[in-house]
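So the protein lines, in turn, are chains Z and H. Residues in the first sequence are numbered from 0 upward in steps of one, following numbering that gives the first Met the number 0. Residues in the second sequence are numbered from 0 upward in steps of one, following numbering that gives the first Met the number 0. Structure, as structure tokens:
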Amino acid sequence: MSSADLKANRPLSPHIWIYRWPLTMVMSIAHRITGAGLYVGTALLVWWLWAAASSDPRDYDSLRAFFGSWFGLVILFGYTWALLHHMLGGVRHLIWDTGALLTKTPRNFLAIATVVGSATLTIVIWVVVLAVRS
Amino acid sequence: MMRTPLARVRYFGSAHAGTGHYWLQRVTAIANLPLVIAFIVILVSLIGRPQAEVAVTLGSPFVAAVMLLLTLSITVHMRLGMQVIIEDYIHHKGLRLIALVANTFFAIAIATLAVIAIADLMFRA
Chain Z
0 MSSADLKANR
10 PLSPHIWIYR
20 WPLTMVMSIA
30 HRITGAGLYV
40 GTALLVWWLW
50 AAASSDPRDY
60 DSLRAFFGSW
70 FGLVILFGYT
80 WALLHHMLGG
90 VRHLIWDTGA
100 LLTKTPRNFL
110 AIATVVGSAT
120 LTIVIWVVVL
130 AVRS
Chain H
0 MMRTPLARVR
10 YFGSAHAGTG
20 HYWLQRVTAI
30 ANLPLVIAFI
40 VILVSLIGRP
50 QAEVAVTLGS
60 PFVAAVMLLL
70 TLSITVHMRL
80 GMQVIIEDYI
90 HHKGLRLIAL
100 VANTFFAIAI
110 ATLAVIAIAD
120 LMFRA
């Protein structure tokens, strides 16, 4: 045994990059990305507040022109989803902080509930927005 | 045997900050929940409205209070979150320090600018 050939043609280390991503891992990454997006997007909130407070009506007009454009609407829609996804993901983490629902089935259920919940709420909010606007 | 005096490490752990970061992240997360829901309601009700109406609503006491608390809670929360992202991904010490300082400055700048606009809207009525 002690003379075992250490350079024998034994299996190499496993391909650690090649495996199916666990759902909770995808959700963890999504939580970070949405958080970072929301971080940058706070600049838009400041823009809105300053435009609303501005004495020059052109400032609010240009804000409305931006958010009324397809590009602005895409950002707003994405921001809505990111906000809700991060919010529901945060609730998930708060639940986990108590030690509850950490086993396989409940944690995957929570992950799916976060995705379905955030998508549904985003659509509901935008249906209300379009109804209010028209 | 060299050991760190107990008094210097008690409650503080290896990060020398104890559970402060974790705790504040959770407290602001909980605060964000009702505040963000209220913010969405405010935003949806003001979308497409004329500036004068938006200004009056944002400056009204209850809405302004929500916006101020929201500003405080989200800027603290996002600074803590971005700090963790920076610490996880930026390994170069100098760059990391710059990023951490920039993170703090950004959060404070956003908070200050938002508070100034809300205060302006509050006190003009």
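Yeah, the Cβ is synthetic: ideal placement off N, Cα and C, and Gly gets one too. Predicted model only: the values in this text are computed from it and were never measured.
Beta-carbon separation (whole angstroms), residue i vs residue j, contact threshold 8 Å
| i | j | result |
| --- | --- | --- |
| residue 23 of chain Z | residue 110 of chain Z | 6 Å |
| residue 31 of chain Z | residue 84 of chain H | 6 Å |
| residue 75 of chain H | residue 32 of chain H | At roughly 15 Å, the Cβ-Cβ gap does not stay under 8 Å, so residue 75 of chain H and residue 32 of chain H are not in contact. |
| residue 82 of chain H | residue 94 of chain H | Not really, about 14 Å apart at Cβ, beyond 8 Å. |
Where the alpha helix (DSSP H) containing residue i begins and where it ends
| i | result |
| --- | --- |
| residue 68 of chain Z | Unbroken run through residue 68 of chain Z: none, as it is neither H nor E. |
| residue 29 of chain H | 19-45 |
| residue 89 of chain H | Element bounds for residue 89 of chain H: n/a, residue is neither H nor E. |
| residue 120 of chain Z | 103-132 |
| residue 58 of chain H | 50-58 |
is_contact[residue i, chain Z] using C-beta, thresh 8 Å
| i | result |
| --- | --- |
| residue 100 of chain H | no |
| residue 119 of chain H | yes |
| residue 43 of chain H | yes |
| residue 113 of chain H | yes |
| residue 95 of chain H | no |
| residue 109 of chain H | yes |
| residue 35 of chain H | yes |
| residue 80 of chain H | yes |
| residue 146 of chain H | Beyond the ends of chain H as shown, which are 0 and 124, falls residue 146 of chain H; an answer cannot be given. |
| residue 71 of chain H | no |
Pair within 8 Å by beta-carbon distance, residue i and residue j
| i | j | result |
| --- | --- | --- |
| residue 112 of chain Z | residue 119 of chain H | no |
| residue 115 of chain H | residue 57 of chain H | no |
| residue 131 of chain Z | residue 46 of chain H | yes |
| residue 83 of chain Z | residue 121 of chain Z | yes |
| residue 46 of chain Z | residue 62 of chain Z | yes |
| residue 37 of chain H | residue 65 of chain H | yes |
| residue 34 of chain Z | residue 19 of chain H | no |
| residue 77 of chain H | residue 106 of chain H | yes |
| residue 28 of chain Z | residue 43 of chain H | no |
| residue 86 of chain Z | residue 35 of chain H | yes |
| residue 113 of chain H | residue 44 of chain Z | yes |
| residue 72 of chain H | residue 30 of chain H | yes |
| residue 58 of chain Z | residue 50 of chain Z | yes |
| residue 121 of chain H | residue 63 of chain H | yes |
| residue 168 of chain Z | residue 26 of chain Z | The shown model of chain Z, from 0 to 133, leaves out residue 168 of chain Z, and the question about it has no answer. |
| residue 37 of chain Z | residue 28 of chain H | no |
Residue-chain proximity (residue i, chain H), Cβ-Cβ < 8 Å
| i | result |
| --- | --- |
| residue 59 of chain Z | yes |
| residue 124 of chain Z | yes |
| residue 117 of chain Z | no |
| residue 33 of chain Z | no |
| residue 93 of chain Z | yes |
Proximity test, Cβ basis, 8 Å: residue i and chain A
| i | result |
| --- | --- |
| residue 50 of chain H | The structure shown contains no chain A; its protein chains are Z and H. |
| query | Counting only runs that start and end within the stretch 14-86 of chain Z, where is the alpha helix (DSSP H) found for 4 or more residues in a row? | reply | 22-52 and 56-67, all fully within the stretch 14-86 of chain Z.
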